[in-house]
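Peer 1: Mind having a look at this structure? Questions to follow.
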Amino acid sequence: MPAPELDRLDRRILQHLQADARISNLDLAAAIGLSPTPCARRVKRLEESGLIRGHVTLLDQQQLGLTLTAFISISMDRHTPDRFDAFEEAVRDYPEVIECNVVTGQNSDYLVQAVVPDMTYYERFLLGKLTRIPGVTGVHSSFVLRRVVQRTALPLEHTARET
1 MPAPELDRLD RRILQHLQAD ARISNLDLAA AIGLSPTPCA RRVKRLEESG
51 LIRGHVTLLD QQQLGLTLTA FISISMDRHT PDRFDAFEEA VRDYPEVIEC
101 NVVTGQNSDY LVQAVVPDMT YYERFLLGKL TRIPGVTGVH SSFVLRRVVQ
151 RTALPLEHTA RET
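Numbering (the UniProt record's numbering), first residue to last: 1 to 163.
Shown next, in the form of structure tokens:
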């Protein structure tokens, strides 16, 4: 199903849900100025279209003892579909990897974000998993010292589709 056209009310619904996915339909409807039934229909339409992909709970990384975040640039030996497929299949299975992107404009092919308890664990992860994936020829790691901005909400005021 194609993504729906978004009007002002849809954007307000999305803003509220990004801030608090557990908001009740009654509270959401009141916040955007709709009655509950049309509000629920709009949310359902946004979910069915795939625009709302799911609902998550955000956890406190530090309280869980996951104190080290690494950004890892990965270079591959060959730029072939089989090499890329094998790499991507492998990193999907690593729970430490919270994001992996194919990138351009750098001396690397992938940028991986990994979260681990400490540097000792990171060394085992790097040497025991990442560098053992066939085709990986280069790894450059950078570590987060302090997080300045962390958002999960997308900037809805910049979306192109509007009715």
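Idealized CB from N, CA, C, for every residue including glycine.
These numbers were taken from a predicted model, which means no experiment stands behind them.
From Leu126 to Ala90, what does the alpha carbon distance come to, in whole angstroms?
Peer 2: 13 angstroms
Peer 1: According to DSSP, Met76 sits in a beta bridge with which residue or residues?
Peer 2: Val136
Peer 1: Starting from Asn101, trace the beta strand (DSSP E) in both directions and tell me its first and last residue.
Peer 2: Taken as a continuous stretch (DSSP letters only), the beta strand (DSSP E) holding Asn101 covers 97-102.
Peer 1: When you compare each of Leu68, Asp7, Gly50, Asp27 to Asp118 by their alpha carbons, which one comes out closest?
Peer 2: Leu68
Peer 1: If you measure between the beta carbons of Arg41 and Asp10, is that distance less than 9 angstroms?
Peer 2: no
Peer 1: Alpha carbons only, please: which of Pro38, His79, Ile13 is nearest the one belonging to Ala31?
Peer 2: Answer by Cα proximity: Ile13.
Peer 1: Would you call Glu157 buried or exposed, if buried means 16 or more other Cβ atoms sit within 10 Å of its Cβ?
Peer 2: exposed
Peer 1: What three-state label does DSSP hand residue 185 in the structure shown?
Peer 2: For the chain, the structure presents residues 1 to 163; residue 185 sits outside this window and is missing.
Peer 1: Please work out which residues of its chain come closer than 8 angstroms, Cβ to Cβ, to Thr131, disregarding the five sequence neighbours upstream and downstream, and give them in chain order.
Peer 2: Excluding residues within five positions, the ones whose Cβ falls inside 8 angstroms are Val139.
Peer 1: I'd like to check one pair, Ser75 with Asp20: are the Cβ atoms closer than 9 angstroms?
Peer 2: One thing to note: Asp20 has its Cβ no nearer than 9 angstroms to the Cβ of Ser75.
Peer 1: List the DSSP bridge partners of Tyr110.
Peer 2: Ile74, Val102
Peer 1: Whose CA, out of Asp7, Gln18, Ile133, lies closest to the CA of Leu154?
Peer 2: Gln18
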